[in-house]
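Our numbering numbers the first residue of the sequence shown as 93 and each following residue consecutively.
For reference, the structure discussed in these notes is given below.
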Amino acid sequence: MTGAGIGSARGRRPTSAPATAGEIFALIRQGAVATRTEIGRATGLSRTAVAARVDRLLKEGLVTEVQGGAATGGRPAARLAFHTAGGTVLAASVGVSRTSLAVCDLAGTVLAQDSVRMRVRSGPEAVLEAVGDRLARLIGETGSDPAQVRGIGLSIPGTVDSVAGCSIGVPVLPGWAEVKLPPLLSDRFPVPVRVDNDVNVMAIAEQHAHPGIDDLLVVKVSTGIGAAVVSGGTLQRGARGSAGEIGHTQVSDGPGTPCHCGNVDCLEILASGSALIRDLTARGRTVDTVSGVVDLVRSGDAEAVRLVRTAGRRIGEVLASAVNLLNPAVITVGGDLVGAYEPLVAGIRESVFKRSVATATQTLRVEPGALAGRSGVTGCAILVLDQVLSPSAVDDVLAQHDLTPPD
Numbered sequence: 093m094t095g096a097g098i099g100s101a102r103g104r105r106p107t108s109a110p111a112t113a114g115e116i117f118a119l120i121r122q123g124a125v126a127t128r129t130e131i132g133r134a135t136g137l138s139r140t141a142v143a144a145r146v147d148r149l150l151k152e153g154l155v156t157e158v159q160g161g162a163a164t165g166g167r168p169a170a171r172l173a174f175h176t177a178g179g180t181v182l183a184a185s186v187g188v189s190r191t192s193l194a195v196c197d198l199a200g201t202v203l204a205q206d207s208v209r210m211r212v213r214s215g216p217e218a219v220l221e222a223v224g225d226r227l228a229r230l231i232g233e234t235g236s237d238p239a240q241v242r243g244i245g246l247s248i249p250g251t252v253d254s255v256a257g258c259s260i261g262v263p264v265l266p267g268w269a270e271v272k273l274p275p276l277l278s279d280r281f282p283v284p285v286r287v288d289n290d291v292n293v294m295a296i297a298e299q300h301a302h303p304g305i306d307d308l309l310v311v312k313v314s315t316g317i318g319a320a321v322v323s324g325g326t327l328q329r330g331a332r333g334s335a336g337e338i339g340h341t342q343v344s345d346g347p348g349t350p351c352h353c354g355n356v357d358c359l360e361i362l363a364s365g366s367a368l369i370r371d372l373t374a375r376g377r378t379v380d381t382v383s384g385v386v387d388l389v390r391s392g393d394a395e396a397v398r399l400v401r402t403a404g405r406r407i408g409e410v411l412a413s414a415v416n417l418l419n420p421a422v423i424t425v426g427g428d429l430v431g432a433y434e435p436l437v438a439g440i441r442e443s444v445f446k447r448s449v450a451t452a453t454q455t456l457r458v459e460p461g462a463l464a465g466r467s468g469v470t471g472c473a474i475l476v477l478d479q480v481l482s483p484s485a486v487d488d489v490l491a492q493h494d495l496t497p498p499d
């Protein structure tokens, strides 16, 4: 979530260009500098130039200043800090049947959150209009200034063109293909909007929750099934944004069940929350939501426990190939079905450790997601914060404000 740093503690090279206000903000945001003197040492700028840039950041509300004690006596030095309350970002994690929404501060901390059931099959215009209404209500609940919203992070299921900000023909999102989503929100909130796959944003959040872990595999088991890959510290989206689309990998023991993608025995059609609802209903259980499946497992329903563990085995079968290929340090499991964690992960572990090479599983950890229901909105917040608080974006905002005539 931190911006790119500049210079070093010993100062900048003489050939370096002068540090911009955005670059200085990145240093403050990282905690690399805390006083004007330290900024001067790190950048090589004069005291006057440092003061001018810091004053612009203070005026924009991105930095705050407090009086601190001097280390060696004398006049206390004013200390600078990233002002996390200097604005908000909005997060919308759209699911097939449920959408999570949040207002977050500039550190990505959730200030207010809501979860609503809405059918994505009603189309992007209707869904995002409802999302906008709910977000506006959440802003009011936090007492935040709508004018201080700095960006929106949006996630949707399936393959996403993150540059164009649209879905790439995902079967579970009829009517969404190639529809550019940012304008559907920026017409109401005139701020940058970033769009990515739902599991990718979970992976962004989990990566921040696992400092020091550079190789991470994130699995979401909910109405559908998806995964995301962090390798070498970098989220891997793939050539067309479809990295991690494990839901349409065929499993070996399927009964020949047709999938909506046109194939048969895909992981998602056999092991997802939707599949479990179908199979439990066929066995006489009254259940129509993934949370209902979780409730049956928690109540000790033997058939529900058996089916969830079988689903876990099938998920583990597909993950084993990913473990052999990528050698992650951690697999985190999230999504609505994680409420039935014990049988689900027991099945996943059984297949992964049986089918993967010993060297790849020797220190492998399989664990629940670290953010307990907030990984989607937290990841959306981080996604857009990385853009709107980047040095270049901060410089652009300051330049726009410099050109704005006074009232």
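Backbone N, C-alpha and C define an ideal beta-carbon position, used for all residues, glycine too.
All figures in this text were calculated on a predicted structure; none of them were measured in a lab.
C-alpha distance - residue i paired with residue j, whole-angstrom precision
i    : j    : result
A134 : A141 : 13 Å
V212 : G187 : 7 Å
R370 : I361 : 10 Å
L203 : L227 : 12 Å
C196 : G333 : 26 Å
L220 : L265 : 13 Å
T180 : S413 : 40 Å
V449 : G200 : 38 Å
A162 : A169 : The pLDDT assigned to A162 is 49, lower than 50, so where the model puts this residue is not dependable; a value taken from the coordinates is nonetheless given after this. Rounded to the nearest angstrom, the two C-alpha atoms are 6 Å apart.
S467 : A177 : 21 Å
R145 : Q159 : 19 Å
R329 : G404 : 25 Å
D428 : V379 : 14 Å
I296 : R190 : 20 Å
D488 : V208 : 35 Å
F174 : R121 : 5 Å
A367 : G215 : 23 Å
G384 : G354 : 28 Å
L154 : A111 : 17 Å
L490 : V321 : 35 Å
R441 : P435 : 10 Å
I244 : S323 : 26 Å
G346 : L399 : 13 Å
R148 : E130 : 18 Å
L172 : V480 : 20 Å
A256 : C351 : 28 Å
V262 : W268 : 8 Å
A113 : L372 : 59 Å
G392 : L150 : 57 Å
P483 : V125 : 15 Å
I231 : L463 : 22 Å
A310 : G136 : Reading off the sequence, residue 310 comes out as Val, not Ala. Those two C-alpha atoms are separated by around 42 Å.
Rounded distance between the beta-carbons of residue j and residue i, thought under 8 Å
i    : j    : result
S364 : I423 : Actually they are not in contact, since the Cβ atoms of S364 and I423 sit about 17 Å apart, beyond 8 Å.
V287 : S314 : 19 Å between Cβ atoms; not a contact.
V285 : P274 : 4 Å
V389 : V382 : With 8 Å as the limit, V389 and V382 do not qualify as a contact, their Cβ atoms being about 11 Å apart.
L308 : P420 : 6 Å
D290 : I248 : 6 Å
V458 : V437 : 6 Å
G439 : G408 : 6 Å
V241 : V283 : 6 Å
H493 : E233 : The Cβ separation is near 28 Å, so there is no contact.
S236 : V469 : That pair is no contact at about 15 Å.
F117 : V486 : 5 Å
Distance cut-off 6 Å: residue i Cβ against heavy atoms of the ligand FAD
i    : result
V486 : In the structure shown, the ligand FAD is absent, as is every other ligand, since no ligand is present at all.
Residue closest to residue i, alpha-carbon to alpha-carbon, out of the options
i    : options                : result
L182 : Q205, A319, M210       : Q205
D279 : A320, W268, V223       : V223
C358 : S366, V343, P347       : V343
T127 : E152, K151, D393, T156 : T156
L502 : G324, R121, L193, N416 : Residue 502 lies beyond the stretch modelled for the chain, which goes from 93 to 499, so this question has no answer here.
M294 : F281, A143, K312, I305 : K312
T251 : G232, L119, N292       : N292
E298 : I474, F117, S484       : I474
G461 : T402, A319, P483       : A319
R401 : T129, T326, L193, Y433 : Y433
L246 : S484, V476, A485       : V476
G325 : G123, S443, L418, F445 : L418
V425 : Q454, A331, G465       : G465
A301 : G471, G114, A113       : G471
I260 : S391, A335, L230, F281 : A335
R447 : E217, G132, R406       : R406
Opposing strand residues paired with residue i [DSSP bridges]
i    : result
I423 : L309, V458
Q328 : V321
C196 : V181, V202
T191 : V186, V208
L172 : E157
Minimum Cβ-Cβ distance from residue i to chain D less than 7 Å
i    : result
T191 : Here chain D cannot be found, since the structure has a single protein chain.
For a minimum of 4 consecutive residues, which ranges assigned as the alpha helix (DSSP H) are wholly contained in the stretch 116-163? 128-135, 139-152
Please specify which runs of the alpha helix (DSSP H), each continuous and at least 4 residues long, are wholly inside the stretch 335-399, giving them in chain order. 359-363, 365-374, 382-390
Identify every run of the beta strand (DSSP E) within the stretch 238-292, keeping only runs that are complete inside it and at least 3 residues long; order them along the chain. 241-248, 285-289
Could you name each continuous beta strand (DSSP E) segment of 3 residues or more that falls completely within the stretch 427-496, going from the start of the chain to the end? 457-460
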